[in-house]
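Only one structure is covered here, and it is reproduced in the block below.
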Amino acid sequence: MKKYTHAWLAFMAIKRLQETKLSTTNRKYANNLIRWFKNHKDGVTQGAWYPDSVIKDMANSHVLKLTPSDESPNRFKLLPITYLNYQYGKCSPLRNKSFTVEKDDNLPDRCESIAHSVIDNLKMQESENKGSPVSPTDNQIALLLFMLSHYVADAHMPFHCDSRRFSEGKNIHAYIEGKWDNMIRRYYKIDKGNERFFYDPDGYPLRNPGIEQEYQLSFLKSVDEELHKRKFILSWGARNNNVWDFMSAICQYSYLLSHRFIPEQFNHTNVTLTNWQSLGSISFKDFSVAIFSDAIDSIARVWFRVWRRYLKWERKQRAEK
Ligand SMILES: [Zn+2]
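Letter by letter, the sequence shown follows residues 82 to 402 in the working numbering.
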């Protein structure tokens with residue numbers, strides 16, 4: 082995914098946390114995160130793009146590539162039932178088949194390790210006096226949090242989880258990601274000089290009022306509708322215990338979604354810029370809605386659970402003092 086797509090997904094994850102129903106205690110945790118995010122939102126575009134612009138670990142850490150195999154079947158992980166990629170994947174014939182994973186790919190590990198770093202840094206900051214030479218700054222923590230959203234979002238891009246080489250040939254991978262980014266840059270007002278969105282009164286990306294009618298028909302509008310009717314589930318999904326398990330499950334269903342959009346007999350040599358939309362059993366719009374709404378849900382879940390873990394720790398510290 083590209084720069085403004087990553088930033089937009091991060092904003093929408095916070096919006097989801099703001100609008101969803103939560104218990105009183107969880108609402109307090111969520112509000113703390115939302116407040117914190119809004120104080121740092123000018124850095125989201127740069128921060129969520131950092132893994133691509135500076136870290137550049139795309140080859141192995143932004144991907145977990147799966148290949149169908151004839152070994153005895155793997156047991157697929159589970160996801161919260163509200164996930165569209167899960168609903169599409171559940172009935173995929175490939176789900177009864179085995180798969181192998183490229184041995185150097187490590188996207189779920191990357192997500193798990195950054196999640197730990199965010200919590201560690203928050204704890205260090207809380208434990209140190211102001212001016213301490215080992216105390217991390219708010220900006221450093223914000224950057225880690227925004228980077229985390231990048232890796233979580235990347236796992237939802239099906240071609241990041243499919244070993245077929247869609248960045249070669251007609252490079253359908255970059256083509257589709259470019260389409261998404263163009264759409265976001267068209268429907269929202271961007272402050273180009275400062276590399277960020279203009280904001281609406283609630284602090285979220287401001288929509289471009291000139292093309293409201295066109296927006297109403299867009300897949301971004303469908304993403305919004307999908308999330309409004311979808312219950313926000315805090316759980317990682319049955320049998321998943323942590324960020325790693327959850328992100329591994331996401332990658333498995335992204336792989337199934339990729340094959341649903343582009344069936345097995347196709348690869349970079351025969352997918353063209355004219356046939357790419359008509360090969361599978363799912364439309365490009367449904368494919369995009371699933372990816373975006375699931376990605377927003379996942380960023381919201383991972384961020385919320387990381388933040389809550391820290392706040393629970395902080396509360397305990399205070400009680401012990
Ligand atoms: Zn990436």
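Here a beta-carbon is modelled for each residue, glycine too, at the ideal position from N, C-alpha and C. Treat the numbers as computed from the prediction; the structure is a model and nothing was measured.
CA-to-CA, the gap between residue 391 and residue 203 works out to about 7 Å. DSSP lists 278 as the beta-bridge partner residues of residue 271. Going by C-alpha positions, residue 128 is about 11 Å away from residue 136. Distances taken from the Cβ of residue 143 to the heavy atoms of ligand 1 include one shorter than 7 Å.
Contact check for residue 196 and residue 387: beta-carbon distance about 5 Å, within the 8 Å limit, so the pair qualifies.
The DSSP-derived three-state label of residue 185 is coil. Here DSSP, grouped into helix, strand and coil, assigns residue 288 to strand. Contact check for residue 329 against residue 238 fails: the beta carbons are separated by 8 Å or more. Excluding five sequence positions before and after residue 155, the CB atoms of its chain that fall closer than 7 Å to its own CB belong to 179 and 180, given in chain order. With respect to the 8 Å criterion, residue 242 and residue 158 are not classified as neighbours on the basis of their beta carbons. In the structure shown, residue 339 falls within a helical segment according to DSSP collapsed to helix, strand and coil. Beta-bridge analysis with DSSP links residue 179 to 150. Between the stretch 184-195 and the stretch 355-367, the count of Cβ pairs shorter than 8 Å is below three; the stretches do not touch.
Only exposed fits residue 353, as fewer than 16 other CB atoms lie within 10 angstroms of its CB. No Cβ-Cβ contact shorter than 8 Å links residue 382 with residue 169.
Inter-residue distance for residue 401 and residue 207 is about 14 Å (C-alpha atoms, whole angstroms). DSSP, reduced to helix, strand and coil, places residue 133 within a helical segment of the structure shown. Per the coordinates, the alpha-carbon of residue 160 lies some 42 Å from the alpha-carbon of residue 214. Per DSSP, residue 240 lies in no alpha helix (DSSP H) segment and is marked neither H nor E. The shortest C-alpha to C-alpha distance from residue 337 to any of 368, 324, 97 and 205 is the one to 368. With a threshold of 7 Å, the Cβ atom of residue 139 counts as near ligand 1, since some heavy atom of the ligand is closer than that. Set against 7 Å, the gap from the CB of residue 123 to the closest heavy atom of ligand 1 is not smaller. Exclusion of residue 190 from the 7 Å shell around ligand 1 follows from its C-beta lying no nearer than that to any non-hydrogen atom of the ligand. The closest heavy atom of ligand 1 lies 7 Å or more from the beta carbon of residue 282.
Out of 117, 277 and 295, the CA that lies nearest to the CA of residue 287 is found in 277. In this structure residue 296 is in contact with residue 268, their Cβ atoms being roughly 5 Å apart against a cut-off of 8 Å. DSSP places residue 359 in no alpha helix (DSSP H); its state is neither H nor E.
Comparing alpha carbon positions, the residue from 236, 305, 272 and 148 closest to residue 376 is 236. In the three-state reduction of the DSSP assignment, residue 368 falls in the helix class.
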